[in-house]
Structure formats: C-alpha cells, structure tokens
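So the protein lines, in turn, are chains A and B.
According to the working numbering, the first sequence holds residues 1 to 201 in order.
According to the working numbering, the second sequence holds residues 1 to 201 in order.
What follows is one structure encoded as structure tokens, with my remarks underneath.
2 protein chains.
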Amino acid sequence: MDDTGNSAAPMGRRERKKAATRQAIADTALRLFLERGYDDVGIREIADVADVSTTTLFKHFPVKEALVFDEDADQESGLLAAVRERPEGQSIPAALREHALRYRMAAADGDARFTAFFDLVDSTPALRDYAQAMWLRHTDALAQAIAEESGLPESEPACTALAHFALEAPRVARGHDDPRLAVARAFDLLEIGWRALVSRG
Amino acid sequence: MDDTGNSAAPMGRRERKKAATRQAIADTALRLFLERGYDDVGIREIADVADVSTTTLFKHFPVKEALVFDEDADQESGLLAAVRERPEGQSIPAALREHALRYRMAAADGDARFTAFFDLVDSTPALRDYAQAMWLRHTDALAQAIAEESGLPESEPACTALAHFALEAPRVARGHDDPRLAVARAFDLLEIGWRALVSRG
DNA sequence: CCAATTAGTGCAACTGATGTACTTTTGAAG
DNA sequence: CTTCAAAAGTACATCAGTTGCACTAATTGG
C-alpha cells in the first residue's frame, strides 16, 4: 500500500524532513519508554521532548502503541516466503514452525538493545496485545499462500484455520517454562492434522 | 474467589442494595447501548441516567466494556463440563466442537433480545476484543481438564495448545460466508492432530 | 452504643485522542 | 521569480475513559 522508506527513492526535502520528524519522535519515545516504562511516559511528554506538538505526533502515529513498532518492516513477506520457498518435502506447518522458532522466539541471543526492546513489549500488556493484533492482520495473506501452495481452493476454511492457528501459536508458549518446546508442540498438533486433511482432499 | 450472586446465600440489606445498584447500572447501560450504539453513549451519561456518580459506576465495573458482560455467569463450567461429561467414545476436540457450535454460534435462533445483544457485541470492535480476552482466560482451566481427561501430564504443552486453539476457533469463522462450516473445519484440524498425538503418547 | 467497614458522593485531575482554525514551509506551475 | 495550493506543523480547546482524594452516610459486628 504505502512504499515509504525505500532508500532508493529520491525524496525531496519535504519528505526527508517528514521522515526525520517521524524518526525523532519514535526515537524519543522508545528511549523514554526503555528508561521509565511504557505506562509511565505520557504522550505530552514525548511530544515535548521531541519538540513537536501532540497534534503532530498523532499525525505520524495513530495511537500510542504505534510509537514502539515504527520499524515494522515487512514481516509479512518473510512469513509468506517461509511458506512458498520451503525446502522440498517439508510440510507447510513445519515451515511455519521453523519460521516461528527462528523469527519470533529469538529474543534471548541478540544484543542488549533487542533484548530490552522485547522485554518492554513483553512486559506491557497494551503492547503485547497491539503486537498480536498486528500479527494477526496477516491471516488472510497467509491463508491465501497456504491455499496456493497446497492446491486447495482459496475459499477452503481449513486454510484460514491453519493460518490463524499458526499465527496464534507463539501466544500458546506464554507462561510455559520452555516456550520453544510449547511452540513446537502446538505446531505438531497442526502438522499432523494438516497432513491428514490434505491427503484426504 | 468471590461468591457473589449465589441466590441461596442470605445476604444482608447492604449486599442486596449493592447488587441492586450494580444491576441498575448494567441495565441502564445495556438499554442505552442497544438504543444508540456502544460508542455513542458515554460513561457520564450512563451514570447520570442510572442516578449514580461515575466514581460509583467504576467501583462496580472496572472498565466500560464490563458493563455489557454483567451476566457472564459461568461459561467456564459449561466449557469444562463439555469436556468431562462428553459421550463415550467422543474425542475431546469433538466435544469442544459440539460445544462451540451449540453455544457460541447459536445467535440467530434465540429471541430478539439475544439477537440484538449479539449484534451489538459483534459490531463493536472494543466489545469483541474484550469478549475474546475474557474467553481466553479459561485457557488454563481448560488445559488442565484436557490433561486430566486424556491422561497426559498436566505440564504437557500440547494440552495448552489444544485449549488455546479451541478457544480461538470461533474467531477463525469471522469473515467466512459459512461460519459454522469454518468452525467445524478448524476443529477437524485439531481433532485429527490430537488423535495422532495422543495415540503416540 | 461504639467503632470499624464500606457503599457511595462530588470534584478535580490525568491521559489518550480528536477537531478546528491558523501559520509556515515547500514544490511546482506559470 | 512569483504565485498558489498542498502539506506539515502549531496552538488551543475539548472529549472520553479513568483515577485519586477527601468526605458522608449507612451498616454491621462486638
């Protein structure tokens, strides 16, 4: 839909300044959030420190939560690629499991800033919910990719079901002592069911 | 935790009045919501019409959404009963499917007030989300019941996975032309996977 | 009857978010 | 270069949900 952020695009002074303002706001917000916690930093303060008005802030970010997820990038393309470009013989749920384990559960081993970021999101209900809601917006696209790859009709509800469950899987892990195992088990359930369902037509 | 609402409990004048106030607030709110829509009725107005202060209102209901779900009753016991008292030979996912189809997708055929209520919830994002969040709070209890019934260790992540997915299933239906079919398919996926998973130990 | 709770009140304030009207900047057309 | 309209930003007021505080009044248990 919107192709902002393409580094190759020669944008004029105007768009550059706009992007700079946006970045300044997001950076300020994230810094303050990491310092003092999401709930203890108000919109007015962020705008103040970033030296813009609250009106301007909300012109760049629709809601407070969005300040944290500025660099969404395209998670969706990665997700779809995981399905479409999976190794020969690997089932779709298996590919999604790999992707989930690699991409969503990789918090621990990155550098400190990433860890802090994940901690922030993880420990703030509002941010967790927002992130999950964003994640679920890919359901339809994923369902369509699954339908194409599996040869099932696009309208087949099982495709939507698999897509939805796969996207919910990381959430199942919450509260388990071994999150990776929990996610793996959730995908086991889906994989076995999916195999049988596909082979029967 | 709290055992309010037990009709057999002889509560004193105080608790009776409290319950009456609560009921009056909830009734007023629901009436206004049905008349004019959830988003077009403010907290202050509800309190005003119910003749209480907003402070009092919030002492009975933690957030605006809660005004609509006053009569939660115990969905949880029904859910657990569906699993524990299922017919001989019926799998756990099958029992959950029956329960989902009967209890969650039954909006259309009740009397008009129920229909209107479901429409209200269904057409208001804030209420949908709140309802789903409430629904998911039963995950742990359901997972435990599943573990007991299936003989798997309580810590087995697959139990949590099945519980979570089963509770999410109704959401898969959203946006499909035939919601009941979509839900059924979602449970098919779970049932087949579950059978295999249990039989392997 | 006294003392401790506790429902309820009134009011002010805070926080996220929106609407309106006004100024500046900028890109581009003439 | 001038002019003009769109875009970006600002100031200010306001709304809605929610909370804190100080206080009253009813109730209940000892």
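Ideal Cβ placement from N, Cα and C applies to all residues, glycine included.
Notebook entry, point to check: If contact means a Cβ-Cβ distance below 7 Å, which residues of the region 132-166 of chain B contact chain A?
Noted result: Cβ contacts with chain A come from 157, 158, 160, 161, 162, 164 and 165.
Next item on the list: Please list, in chain order, all residues of the same chain as residue 136 of chain A whose beta carbon is under 7 Å from its beta carbon, the five residues on each side excluded.
Entry: Excluding sequence neighbours, residue 136 of chain A sits near 167.
Check: Does DSSP put residue 134 of chain B in a helix, in a strand, or in coil?
Finding: Helix at residue 134 of chain B.
Check: If you check the beta carbons only, do residue 157 of chain B and residue 181 of chain A fall under 7 Å apart?
Finding: Taking 7 Å as the Cβ cut-off, residue 157 of chain B and residue 181 of chain A qualify as a contacting pair.
Next item on the list: Please classify residue 65 of chain B: is it buried, with 16 or more other beta-carbons within 10 angstroms of its beta-carbon, or exposed?
Entry: With 16 or more other Cβ atoms within 10 Å, it is buried.
Check: Beta-carbon of residue 101 of chain B versus every beta-carbon of chain A: anything under 7 Å?
Finding: Under the 7 Å criterion on CB atoms, residue 101 of chain B is classed as non-interfacial with respect to chain A.
Item checked: Within 9 Å of chain A by C-beta, residues of the region 33-60 of chain B in sequence order -> Answer in chain order: no residues at all.
Next item on the list: Would you check if the region 138-158 of chain B and the region 77-92 of chain B touch, i.e. whether three or more CB-CB distances between them fall below 8 Å?
Entry: When Cβ pairs closer than 8 Å are counted between the two stretches, the region 77-92 of chain B is seen to touch the region 138-158 of chain B, the count reaching three or more.
Notebook entry, point to check: Along chain A, which residues have their Cβ under 7 Å away from the Cβ of residue 172 of chain B?
Noted result: Contact annotation for residue 172 of chain B against chain A: 160, 161 and 164 [CB-CB distance below 7 Å, chain order].
Checklist line | Proximity test, Cβ basis, 7 Å: residue 78 of chain A and chain B | finding: No, residue 78 of chain A does not count as interfacial toward chain B.
Checklist line | Within-7 Å CB hit, residue 193 of chain B to chain A | finding: Residue 193 of chain B counts as touching chain A.
Note to self: Taking its Cβ as the centre, do 16 or more other Cβ atoms sit within 10 Å of residue 190 of chain B, making it buried, or is it exposed?
What the structure shows: With a threshold of 16 other beta carbon atoms within 10 Å, residue 190 of chain B meets it and is buried.
Margin query: Please give the ranges of any beta strand (DSSP E) in the region 85-126 of chain A, keeping only runs that are unbroken, at least 3 residues long and fully inside the region.
Written below: Contiguous beta strand (DSSP E) elements confined to the region 85-126 of chain A do not occur, taking only those with 3 or more residues.
Margin query: Against chain B, with Cβ distances strictly below 7 Å, would residue 88 of chain A count as a contact?
Written below: By this cut-off, residue 88 of chain A is not an interface position.
Note to self: For a test of the three-state rule: what should DSSP assign to residue 174 of chain A, helix, strand or coil?
What the structure shows: In this structure, residue 174 of chain A counts as coil in the three-state DSSP scheme.
Margin query: Distance cutoff 7 Å, beta carbons only. Does residue 95 of chain B sit that close to anything in chain A?
Written below: It does not; no Cβ of chain A falls within 7 Å.
Margin query: Helix, strand or coil, according to DSSP, for residue 61 of chain A in the structure here?
Written below: The answer is coil: DSSP assigns residue 61 of chain A none of H, G, I, E or B.
Check: What does residue 168 of chain B touch in chain A if you count any residue whose Cβ is under 8 Å from its own?
Finding: The answer, in chain order, is 164, 165 and 168.
Item checked: Rounded C-alpha distance that separates residue 9 of chain B from residue 17 of chain B -> Because the pLDDT at residue 9 of chain B is just 45, under 50, the model does not fix this residue reliably, and the value given afterwards should be weighed accordingly. Cα to Cα, the separation comes out at about 14 Å.
Checklist line | residue 193 of chain B - containing alpha helix (DSSP H), residue span | finding: Looking at the DSSP string, the run of the alpha helix (DSSP H) that includes residue 193 of chain B is 179-200.
Notebook entry, point to check: Between B:37, B:38, B:36 and B:57, which lies nearest to residue 23 of chain B when the distance is taken from Cα to Cα?
Noted result: It is B:57 whose Cα lies nearest to the Cα of residue 23 of chain B.
Next item on the list: Indicate whether at least one CB of chain B lies closer than 7 Å to the CB of residue 196 of chain A.
Entry: Nearest CB-CB separation between residue 196 of chain A and chain B: below the 7 Å threshold.
Check: Could one say the Cβ of residue 31 of chain B lies closer than 7 Å to chain A's Cβ atoms, at least one of them?
Finding: Output row for residue 31 of chain B: interface = no.
Margin query: Measuring alpha carbon to alpha carbon, tell me which residue in A:139, A:78 and A:37 is nearest residue 125 of chain A.
Written below: The residue with the shortest Cα to Cα distance from residue 125 of chain A is A:37.
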